[in-house]
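Q: Pasting a structure here, questions to come.
Number of protein chains: 2
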Amino acid sequence: MAPDDTIHLAPQTGCGLRLGRGDTLRVISPTGEQVADVTAFVAADVREWLSSGRTIDYAGCLYVKVGTTLYSNRSTPLLTVTADTAGRHDFLLSPCSAEMFRRLYRIEGHHPSCFENLATSLAPMGIAADAIPTTLNLFMVVTPDPVTGRIDIEPPSSRPGDFVDLRAEVDLVVGVTACSAELTNNGTLKPIDVEIHRTHA
Amino acid sequence: MAPDDTIHLAPQTGCGLRLGRGDTLRVISPTGEQVADVTAFVAADVREWLSSGRTIDYAGCLYVKVGTTLYSNRSTPLLTVTADTAGRHDFLLSPCSAEMFRRLYRIEGHHPSCFENLATSLAPMGIAADAIPTTLNLFMVVTPDPVTGRIDIEPPSSRPGDFVDLRAEVDLVVGVTACSAELTNNGTLKPIDVEIHRTHA
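Chains as they are written, first to last, in our numbering: chain A, 1 to 201; chain B, 1 to 201.
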């Protein structure tokens with residue numbers, strides 16, 4: 001079925017959008033091997049936010065997959081994963097930021113980042129930069145070693161056209177990015193396509 | 001050296017406290033096998049908070065240990081682990097809450113929780129309940145399966161008297177609890193002792 005709205009995210013960009021209850025957000029990696037960060041806030045009270053800690057606790061699992069419910073800090077179901085052709089996603093790491101590029105990659109000066117793109121996109125929607133939590137990093141492959149706790153960030157395993165569907169369980173303000181970190185995306189920065197499939201009550 | 005301040009946390013209670021830059025917070029499990037949740041905010045601007053996502057990203061590790069720096073959402077070093085006799089701690093899960101007890105353990109009605117204890121203790125210090133992030137869960141043993149992502153919550157491996165020292169890198173507002181979840185603490189709820197060793201400039 002044709003989407004009601006589409007947004008093309010050029011490499012290293014982001015967007016803010018609104019979902020109504022029952023709407024489905026489809027996040028597509030048209031070329032594969034590209035991470036998309038997602039965050040969400042309850043539209044009726046943006047102090048309520050998508051919580052990695054609650055979601056991992058309730059799922060009993062680090063990995064988000066079809067059927068996983070994504071919870072808020074107040075334990076409200078915000079989103080449900082209803083389709084996923086990629087299979088691996090991360091919910092451990094913060095969005096990349098200028099400080100992250102400086103600290104981990106010794107890149108001085110400005111570097112585009114998911115954090116900046118989320119902050120810029122969500123500010124007009126009433127979300128302060130400091131309110132941006134740990135993001136759901138779609139298509140990102142982060143694997144922990146259970147003995148040492150070390151994490152390996154591997155190239156995304158997604159192929160061209162892979163997508164994830166997230167169904168909104170309440171009215172939401174959502175941010176989505178095409179991730180800006182070269183190494184996380186196997187060396188090349190690529191676009192992300194966003195589709196919104198609205199419920200038509 | 002004798003501490004400058006001590007706080008005894010009875011089972012299922014919490015406290016808020018202030019640390020100056022250079023002060024050391026010692027969190028002690030006097031009986032062993034008891035989790036203590038810790039969260040922190042920058043005193044000069046409490047919109048800046050202790051971030052599991054930034055800390056795990058910069059450490060490249062899920063497990064917090066001696067030498068680990070704990071970062072804020074703005075990538076500021078907030079605390080450094082300077083001593084640890086226990087060895088395993090969790091930084092994945094949210095503090096237990098009434099909703100958690102209802103959802104995971106089918107406990108209806110009121111149940112004491114780390115979330116409530118943190119919210120109550122930190123409210124007079126200017127921290128809203130919604131601002132409480134994923135906590136550092138000292139002495140909590142959470143082990144992931146790298147293939148499935150499933151997490152196992154095992155009994156704390158801490159023995160009587162085990163402690164963790166956290167050195168404040170900036171002036172902080174801190175919350176600490178003696179965790180309220182029966183199962184997480186191997187069936188019995190126990191106290192936590194807190195010591196503050198102040199720098200005397």
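Glycine included, C-beta positions come from ideal geometry on N, C-alpha and C.
Where E116 of chain B and G175 of chain B are concerned, what is the direct C-alpha to C-alpha distance, given to the nearest angstrom?
A: Cα to Cα, E116 of chain B sits roughly 11 Å from G175 of chain B.
Q: So, does the CB of L79 of chain A fall closer than 7 Å to a CB anywhere in chain B?
A: Not an interface residue.
Q: Cβ of D57 of chain B less than 7 Å from any chain A Cβ?
A: Closer than 7 Å: yes.
Q: Could you compute how far the alpha carbon of G161 of chain A sits from the alpha carbon of L93 of chain B?
A: Going by the C-alpha atoms only, they are around 33 Å apart.
Q: Please go through the segment 22 to 76 of chain A and give each complete alpha helix (DSSP H) segment of 4 or more residues, from N-terminal end onward.
A: Segments of the alpha helix (DSSP H) lying fully in the segment 22 to 76 of chain A: 52 to 59.
Q: Which residues does DSSP list as the beta-bridge partners of G16 of chain A?
A: According to DSSP, G16 of chain A bridges with A:G175.
Q: For C179 of chain A versus D5 of chain A, is the C-beta distance shorter than 7 Å?
A: It is not a contact, given that the beta carbons lie outside the stated cut-off.
Q: Grouping DSSP H, G and I as helix and E and B as strand, with all else coil, what is P144 of chain B?
A: In the structure shown, P144 of chain B sits in a strand (DSSP, three-state: E or B).
Q: Assign D45 of chain B to buried or exposed, taking buried as 16 or more other Cβ atoms, counted over all protein chains shown, within 10 Å of its Cβ.
A: Under this definition D45 of chain B is an exposed residue.
Q: Taking three-plus beta-carbon pairs below 8 Å as touching, is the segment 144 to 158 of chain B in contact with the segment 184 to 200 of chain A?
A: The segment 144 to 158 of chain B is not in contact with the segment 184 to 200 of chain A.
Q: Give the interface partners of R103 of chain A over in chain B, defined as CB-CB distance under 8 Å, in chain order.
A: Going along chain B in sequence order, the residues near R103 of chain A (Cβ under 8 Å) are Y58 and S75.
Q: In the structure shown, what three-state DSSP assignment does T6 of chain B receive?
A: Strand.
Q: Can the beta-carbon of N186 of chain A be found less than 7 Å from the beta-carbon of V35 of chain A?
A: No, Cβ-Cβ distance for N186 of chain A and V35 of chain A is not below 7 Å.
Q: Would you mind working out which of A:Y71, A:A168, A:V147 and A:D130 sits nearest F41 of chain B, comparing C-alpha positions?
A: Nearest option by C-alpha distance: A:D130.
Q: Consider the Cβ of I151 of chain A: report whether some Cβ of chain B lies at a distance smaller than 7 Å.
A: Output row for I151 of chain A: interface = yes.
Q: Does DSSP put A119 of chain A in a helix, in a strand, or in coil?
A: Three-state result, A119 of chain A: helix.
Q: Check whether the segment 65 to 82 of chain A touches the segment 51 to 63 of chain B, taking contact to mean three or more Cβ pairs, one atom from each stretch, closer than 8 Å.
A: No contact exists between the segment 65 to 82 of chain A and the segment 51 to 63 of chain B.
Q: Let me confirm a value: V218 of chain B is counted as buried when at least 16 other C-beta atoms fall within 10 Å, else exposed. Which label applies?
A: The requested residue 218 of chain B does not occur in the structure, where chain B is confined to residues 1 to 201.
Q: Are any of the Cβ atoms in chain A nearer than 7 Å to that of S94 of chain B?
A: Yes, contact with chain A.
Q: Three-state secondary structure (DSSP) at F163 of chain B?
A: Reduced to three states, the DSSP call for F163 of chain B is strand.
Q: What distance in whole Å lies between the Cβ atoms of S158 of chain B and F139 of chain B, which are believed to be in contact at a cut-off of 8 Å?
A: 4 Å between Cβ atoms; contact.
Q: Run through DSSP, which three-state label would R102 of chain A get?
A: Residue state, collapsed to three classes: helix.
Q: Go ahead and label T188 of chain A buried or exposed: buried means 16 or more other beta carbons lie within 10 angstroms of its beta carbon, across all protein chains shown.
A: The residue in question, T188 of chain A, is exposed, as its Cβ has fewer than 16 Cβ neighbours within 10 Å.
Q: What's the call for I28 of chain A, buried or exposed, on a 16-neighbour Cβ count within 10 Å?
A: The residue in question, I28 of chain A, is buried, as its Cβ has 16 or more Cβ neighbours within 10 Å.
Q: Would you tell me roughly how many angstroms separate the C-alpha atoms of C114 of chain B and G20 of chain B, rounded to the nearest one?
A: About 24 Å.
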